[in-house]
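Listed in order, the protein sequences are those of chains A and B. Here the first sequence is numbered in the numbering used here, starting from 1473 and rising by one per residue. Here the second sequence is numbered in the numbering used here, starting from 526 and rising by one per residue. Where is the CB? At the ideal position from N, CA and C, for every residue including glycine.
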Amino acid sequence: MSSNESSAVLTNPSALWHKACTAVNRFKAWVALDGGNLSPGQTLAVKYFCVAVVLFFAQLLFGLLAALQFIFPGFLYEFLDFSVNRMVHINAMVVWMLYGFIGCIYWLLEDESGTEIVGLKWGNLAFLILTAAVALVVLVYILVQIGSGTDSSLWFINEGREYIEAPRWADIGIVAVMLVFAYNVVATFNKGKWSGIAGVLTLDLVALAGLYVAGMFYMTNITHEQYWWWWVIHLWVEATWEVLVGVIMAWSLMKLLGVRRKIVQTWLYIEVALMFGSGILGLGHHYFWIGTPEYWLTIGGFFSALEPIPLVAMVVHAVYDAGAHAFKNSNHPALAWIIAHAFGNFFGAGVWGFMHTLPQINLYTHGTQWSASHGHLAFFGAYATINIAFFYLAIQHWRGGVWMAGDSQNAWRWKWALGLLNAGVLGMTIALLIAGYEQSFIERAVEGSTWGGYFSAQNHPSFQNAMVWRLIWGLVTFAGLGLLIWDLLTIGKGETRKAQVIEPH
Amino acid sequence: MNETPRWASESFWKKTAIWVTAGSFLILIVLTFDTLSKTSAGSTRVPDYTVINQKIDYRFDEKLNKFMPIIGGEELLFDKKYTAEEAEQLVTLGKKTTQAKNCMNCHTLLGNGAYYAPDLTKAWLDQGWISRDMREDMMLKFLMDPENNARTFGSGRKMPNLNITEAEARGVIAFLKWMSSIDTNGFPHNFTSIESEEE
């Protein structure tokens, strides 16, 4: 663009609008997706998926900024401080995963219930409201950042509670949107037909929405505040989210491999029993050191030690079914990501969680990079992977149900994206684990957690080197995401063969 | 032979899932009532907010084999004795300030939060404040102008200026003093407080 042209664009908003429209149209022509291939519910689902991918990108971008600040503390100082980058990094992740889940449910809802979505108009409206609210919250996070120590700051800027920082007005909006979503699910199943999957899904969504309310109160007593805060955090990610992915996986395995309904539903009930049986009281592993009574050491230690069991069951389920059907499936990238999910969930949430869940060990690992190590592998392994699997299922359908099995064009892209993303996250996990070990020894065990001890550990070469390696693997992850987005936009383009039909057997 | 045994049937696991979930949730509810009553402000585990009028220390208890907070005699904060109402107001202002300034996305409180800056659980008792006489003044100055009173311990990491007013800073200090008195089951372990340092 010449300088004349660019100044014309800047001074003339309609020219800018025109340019933007041209760019969007060019992009649409390049992507060449036909919306006619999607049902109304699926059209709504892919809207959620698109925003999810944008937020996934934001998650990694802000993660990289925060990772850089560990190495160059002056980087963006008093402009975009670590606290802001880290908050956007994690909030973007939580929200993109929720968008992914909602998208998955809207995608499978019509198929599972055998009828059209009852309140589709409301669903579309809720999507717009939620997306506008998310954009506004993020803008305030980045531009306003903090407020004075008053209620209005907590209502309109930032609630200042890790993971659920969204200001109170947004909390209320989120609950309202979730109610619309829950209504759509229940009313649609009610109009069509109920199934085991439908029942588990409905109860899980009610719990998921209800639990969020536990995090919507201000309390001065920090012990009580953190007690309820963990109700939301833990009972979401270590209970209701896990059951939600169990539902998504059950449905995906039927579609992808043709596993019989009776088998996936039996497994789903087993998973629910094991997941809630261990996860609900496993909540106690967050109640070791926040002022709560000593019996939580026993209860939390015991039940959280059982938490990996359902994850083993899920691995057995996915791998056994894949093997029993000789890996014959209609969408290779999706199945690969489901297998990555089964193992990632087991290692990230199960093994990495178990490693520091017993109070005798947690006394030294609590509040160190151990948690960050566990968090990276668990959220990626348990939740990012299953969403990505679903993105591939969606794009296949969006392209008109084209061939995505063996011998596809440009298959190297999805394979390399899979490899880079998994290697990148695993690399960060190991780097953070080394940093966490070092902190446990030096800061906690030797120096007794004083501020001096904290910084001795932070300044130690083992820690510093680990932070450099984390950044390097973070860049690998970022490259993987770039490739994944490119692949999702182009896979199946120009493919003329139809996907093979997998019959239940 | 082809018949599914009862233990592997869908209906058996459906019932099990419902009973296990309901049972676990019921136990959680009962424990929640118990925990909340045992940890209200003014309980033995979580002292009343007027504890900011008293001396607080954190020592290893031989009998219990863990570190425990020790509440001592009078040791006023900012040379003022706060009534129950005033103390709660001040700690509340401090708590709201820690939330509005997003402290938890760099620091940890009770070990929860981010790992870019030190834990605040026992910040009131940290040796970093050099002596008990200097502590209040140093904390005030640091909170209100962290850039020029930086405490980086050689890390290069500086707290940004968060526009904390003097009233808010006093509130935060009161909140930190109160938080250091909570019985956290021995976390952090092996801690040497500013009190024991001075002996």
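- A Cβ-Cβ distance of about 5 Å is found for the pair A:Phe1534 and A:Asn1557, placing them in contact under the 8 Å criterion.
- The distance from the Cβ of B:Pro713 to that of A:Gly1924 is about 13 Å, inconsistent with a contact at the 8 Å cut-off.
- Within its own chain, the residues whose Cβ lies closer than 6 Å to the Cβ of B:Met629, once the five positions on either side in sequence are excluded, are Gly638, listed in chain order.
- Residue environment for B:Thr569: exposed (fewer than 16 other C-beta atoms within 10 angstroms of its C-beta).
- Interface residue (Cβ-Cβ distance to chain B less than 9 Å): A:Trp1870 is not classified as such.
- Collapsing the DSSP output to three states places A:Arg1871 in coil.
- For A:Tyr1855, there is no enclosing beta strand (DSSP E), as DSSP marks it with neither H nor E.
- In the structure shown, B:Met593 falls within a strand segment according to DSSP collapsed to helix, strand and coil.
- In the DSSP assignment, the residues bridged to B:Asn637 are B:Leu634.
- For the pair of segments examined, the region 1758 to 1765 of chain A was found not to touch the region 1737 to 1746 of chain A: the number of CB pairs separated by less than 8 Å stays below three.
- B:Tyr640 has a beta carbon lying within less than 9 Å of a beta carbon in chain A.
- Neighbourhood of A:Glu1631 in chain B, by CB distance below 7 Å: Gln624, in chain order.
- Residue pairing by DSSP places B:Glu599 opposite B:Gln579 in a beta bridge.
- DSSP places A:Met1565 in the helix class (H, G or I) of the three-state scheme.
- In terms of CA proximity to B:Glu599, B:Ile577 leads the group B:Ala609, B:Ile577 and B:Phe592.
- Look at the beta carbons and you see the region 1662 to 1680 of chain A touching the region 1575 to 1595 of chain A: at least three pairs across the two are nearer than 8 Å.
- At a cut-off of 9 Å between beta-carbon atoms, A:Leu1769 makes contact with chain B.
- DSSP places A:Val1496 in the uninterrupted alpha helix (DSSP H) bounded by Pro1485 to Val1503.
- Distance from A:Ala1806 to A:Tyr1864 at the Cβ level is roughly 4 Å; contact confirmed, criterion being Cβ atoms closer than 8 Å.
- Shown in chain order are the members of the region 1546 to 1574 of chain A whose Cβ falls below 8 Å from a Cβ of chain B: Gly1546, Tyr1549, Glu1550, Asp1553, Phe1554, Ser1555, Val1556, Arg1558 and Met1559.
- Here DSSP, grouped into helix, strand and coil, assigns A:Asp1506 to coil.
- With a threshold of 9 Å between beta carbons, B:Asn673 makes no contact with chain A.
- The DSSP-derived three-state label of A:Met1827 is helix.
- Within chain A, not a single residue places a beta-carbon under 8 Å from that of B:Phe558; the smallest gap is close to 12 Å.
- The DSSP-derived three-state label of B:Phe585 is strand.
- Interface with chain B (9 Å Cβ-Cβ cutoff): A:His1696 is included.
- Between the region 1673 to 1690 of chain A and the region 1699 to 1719 of chain A there are three or more C-beta pairs closer than 8 Å, enough to call the two in contact.
- At a cut-off of 4 residues, the continuous stretches assigned as alpha helix (DSSP H) that sit fully inside the region 1759 to 1838 of chain A are 1767 to 1778, 1780 to 1796, 1804 to 1816, 1824 to 1827 and 1831 to 1837.
- Taking C-alpha positions only, A:Leu1956 is separated from A:Gly1891 by approximately 10 Å.
- For A:Cys1522, the enclosing alpha helix (DSSP H) covers residues Pro1512 to Ile1543.
- CA-CA distance, A:Ser1802 to A:Ile1867, rounds to 13 Å.
- With a cutoff of 9 Å on beta-carbon distance, B:Asp586 and B:Leu650 are scored as not near each other.
- Residues of chain A with a Cβ closer than 7 Å to the Cβ of B:Trp538 are, in chain order, Thr1738, Tyr1741, Ile1742 and Ala1745.
- Put simply, the CB of A:Gln1617 is near chain B, with a gap under 9 Å to one of its CB atoms.
- Spanning the alpha carbons of A:Phe1774 and A:Asn1937 requires a straight line of approximately 35 Å.
- Within the same chain, His1561, Ala1564, Met1565 and Trp1568 come within 7 Å of A:Gln1531 by CB-CB distance, once the 5 residues on both sides are set aside.
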